[in-house]
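Asks: Quick one: the structure is below, and I'll ask about it shortly.
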Amino acid sequence: LQPTQINWDLLLDTRLIHLTGITPALTPNSRTIVEEAIRRAKVANVPVGFDVNYRGKLWSPQDAADTIIPLVQEIDLFFCGQGDARTLFNIEGDPEDAVRQLADLSHAQTVVMSIGDRGAVAWDGARFYHEAAFPVEVIDRIGAGDALAAGIVHGWLRGDLAAGLRYGVAMAALALSQYGDMVTTNQAELDAVLENAGGGVNR
308 LQPTQINWDL LLDTRLIHLT GITPALTPNS RTIVEEAIRR AKVANVPVGF DVNYRGKLWS
368 PQDAADTIIP LVQEIDLFFC GQGDARTLFN IEGDPEDAVR QLADLSHAQT VVMSIGDRGA
428 VAWDGARFYH EAAFPVEVID RIGAGDALAA GIVHGWLRGD LAAGLRYGVA MAALALSQYG
488 DMVTTNQAEL DAVLENAGGG VNR
């Protein structure tokens with residue numbers, strides 16, 4: 308796939324473009340497309356989300372960092388797991404300190420860091436947001452990070468990052484409680500999960 312083969316008008320007809328670190332790791336063309344998508348999105352005033360989502364089988368930590376750091380200078384919403392922050396960017400410490408370092412690294416207005424079974428923490432340039440993970444019987448971990456990001460984007464697009472974190476941990480819990488890498492849900496189910504937060508997730 309070449310950048311010239313992409314219908315950019317169609318791609319940019321959206322409220323947010325969400326990218327991950329997997330795509331630029333695949334091929335040089337994929338990397339160019341990601342760079343072009345970010346550039347065009349900024350020109351069109353379309354927000355950009357980026358999830359590091361590091362995969363060691365695709366590239367080394369150094370190659371990933373060298374590629375991702377320039378990419379995230381022009382994004383709006385930055386997702387990075389605690390492990391990826393340490394592996395790629397040598398960022399350690401308590402979650403709030405790590406999130407501030409990620410914000411400085413990326414210049415994103417909103418930064419979210421997943422912290423495993425402790426949930427997630429976010430920073431919007433003014434304050435921190437914390438959301439604990441839901442108790443859940445883990446069936447399959449595949450897709451939980453993507454589900455977390457999807458829930459957060461859902462709230463962020465509504466202008467409510469705190470709600471986004473709640474949706475995110477709820478979506479992650481749903482992902483962990485089923486087989487497969489895609490969560491199919493709706494607002495009513497999400498609200499029900501949130502109402503039953505202390506009781507875990509049953510599906």
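For the sequence shown, the working numbering assigns the number 308 to the initial residue and increments by one for each residue that follows. Backbone N, C-alpha and C define an ideal beta-carbon position, used for all residues, glycine too. Quick caveat: nothing in here was measured; it's all calculated off a predicted structure.
Nearest to residue 352 by CA position, among 338, 330, 318, is which residue?
Replies: Closest option to residue 352, Cα to Cα, is 318.
Asks: Please name the residue, chosen from 462, 473, 454, that lies closest to residue 358 on a Cα-to-Cα basis.
Replies: Nearest of 462, 473, 454 to residue 358, Cα basis: 454.
Asks: Which residues share a DSSP beta bridge with residue 438?
Replies: In the DSSP output, where bridge partners are listed per residue, residue 438 has 427.
Asks: Assuming contact is defined by CB atoms lying nearer than 8 Å, are residue 483 and residue 429 in contact in what I supplied?
Replies: Not in contact: residue 483 and residue 429 (Cβ atoms no closer than 8 Å).
Asks: Helix, strand or coil: how does DSSP classify residue 400 here?
Replies: Three-state DSSP puts residue 400 in coil, outside helix and strand.
Asks: Measuring CA to CA, which of 433, 425, 426 is closest to residue 407?
Replies: Comparing Cα positions, the closest option is 433.
Asks: Would you kindly check if the distance between the Cβ of residue 458 and the Cβ of residue 475 is under 8 Å?
Replies: In this structure, residue 458 lies closer than 8 Å to residue 475 by Cβ.
Asks: Quick check: what's the CA-CA separation for residue 398 versus residue 390?
Replies: C-alpha separation (whole angstroms): 9 Å.
Asks: Using the Cα positions of residue 501 and residue 400, report the straight-line distance between them to the nearest angstrom.
Replies: C-alpha separation (whole angstroms): 29 Å.
Asks: Alpha carbons only, please: which of 388, 403, 354 is nearest the one belonging to residue 302?
Replies: Examination of residue 302 is not possible in this model, given that the chain is present from 308 through 510 alone.
Asks: Looking only at C-alpha atoms, which of 381, 377, 361, 369 sits nearest to residue 324?
Replies: Answer by Cα proximity: 381.
Asks: Along the chain, where does the alpha helix (DSSP H) that runs through residue 330 open and close?
Replies: Per DSSP, residue 330 belongs to the alpha helix (DSSP H) from 329-333.
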